[in-house]
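Numbering (my numbering), first residue to last: 5 to 299.
For each residue, glycine too, the CB sits at the ideal point set by N, CA and C.
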């Protein structure tokens, strides 16, 4: 029997990850990192995961799961990624990932990140974004702290006092619902890439209402300044596109133009709805006081 775990987001979209054979321990590790639910979801989009065993090369026409899950035997298209080869069909929303046995811990983590591409795609199609930011939450309201690596984003997330809670410090998903935007924490994959013994996990199905976005800037004096929606659009677009491309299971040159366009449109709409600020942060300052003042 295959191993199944499900992921459901606040916009109603859901996925069921289904692993076969030697891929089962691989999926159980991913499920622990992302705190996925171990249950079947017949309404979810299926993401099938299996390791190459010689019988499914060079194509996938003979894979038994096609027969067992009433999937077409022909018409599947591959992205050509050798580590996490993704197969899609123009008449189906389901995805098949054929993985090479990872040669080390880092390769396995990269595979896990890449198998989330269908999730990113659907979130973007629904009006949301993958976003490079830390997420801190207070009174069920989420605030994003965005900055390039090394600017202090993770440090700010660690320093924030109660009643603030830091849900993640590197990546999140912004999803568009009927009335607002909600934000989900996602794993800091670099923690696992750098530490084979890492046991951190993130409540990816937990979400908070998105309140504001703050772009961090190191400074000797703290302060906060509003950002014009036009400028905010550029900042949001750059951050979201960079985050999505990092997780994309293809070279950056193959990043779809329609995806780039949709990310830009979503960034424009988000900037009109959500207030953005430039937050100047001093190393030992109480930056959270400026966040509260502007909420």
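Query: Is the beta carbon of residue 187 sitting closer than 7 Å to the one on residue 127?; Result: no
Query: Compare the beta carbon distance of residue 131 and residue 262 with 7 Å and say whether it is the shorter of the two.; Result: no
Query: Let me confirm a value: residue 94 is counted as buried when at least 16 other C-beta atoms fall within 10 Å, else exposed. Which label applies?; Result: exposed
Query: Taking only the alpha-carbon atoms, compute the straight-line gap between residue 118 and residue 288 and give it to the nearest angstrom.; Result: 37 Å
Query: Let's test the definition: count the other Cβ atoms within 10 Å of the Cβ of residue 182 and tell me whether it reaches 16, buried, or not, exposed.; Result: exposed
Query: Hey, residue 293 and residue 221: beta-carbon distance below 7 Å or not?; Result: no
Query: Note down, in chain order, each residue of its chain lying with its Cβ closer than 7 Å to the Cβ of residue 116, except the 5 sequence neighbours on either side.; Result: 34
Query: Of the choices 286, 39, 235, whose alpha-carbon is the least far from that of residue 274?; Result: 235
Query: Does the beta-carbon distance from residue 193 to residue 172 come in below 7 Å?; Result: no
Query: Take residue 100 and list the residues in its own chain whose beta-carbon comes closer than 6 Å to its own, dropping the five residues that flank it on each side.; Result: 52, 91
Query: For residue 150 and residue 78, what's the separation of their Cα atoms in angstroms?; Result: 44 Å
Query: First and last residue of the beta strand (DSSP E) that includes residue 216?; Result: 212 to 222
Query: Got a sec? Which residues, its chain only, sit under 7 Å from residue 47 by beta carbon, not counting five neighbours each side?; Result: 18
Query: Throw me the rounded Cβ distance for the residue 214 and residue 138 pair, which I believe falls under 8 Å.; Result: At roughly 13 Å, the Cβ-Cβ gap does not stay under 8 Å, so residue 214 and residue 138 are not in contact.
Query: Which word fits residue 216, buried or exposed, when buried means at least 16 other C-beta atoms lie within 10 angstroms of its C-beta?; Result: buried
Query: Can residue 247 and residue 12 be called in contact, C-beta distance under 7 Å?; Result: no
Query: Note down, in chain order, each residue of its chain lying with its Cβ closer than 7 Å to the Cβ of residue 154, except the 5 sequence neighbours on either side.; Result: none
Query: Which partner residues does residue 186 have in the DSSP bridge list?; Result: 179, 213
Query: Report all residues from its chain with a CB closer than 8 Å to the CB of residue 267; omit the five preceding and five following residues, and keep chain order.; Result: 128, 133, 241, 244, 245, 248
Query: Give every residue of the same chain whose Cβ lies closer than 6 Å to the Cβ of residue 277, excluding the five residues on either side of it in the sequence, and list them in chain order.; Result: none
Query: If we count the other Cβ atoms within 10 Å of its Cβ and call it buried at 16 or more, is residue 237 buried or exposed?; Result: buried
Query: Please return the same chain residues whose Cβ sits closer than 6 Å to the Cβ of residue 279, not counting the five positions on each side in sequence.; Result: 216
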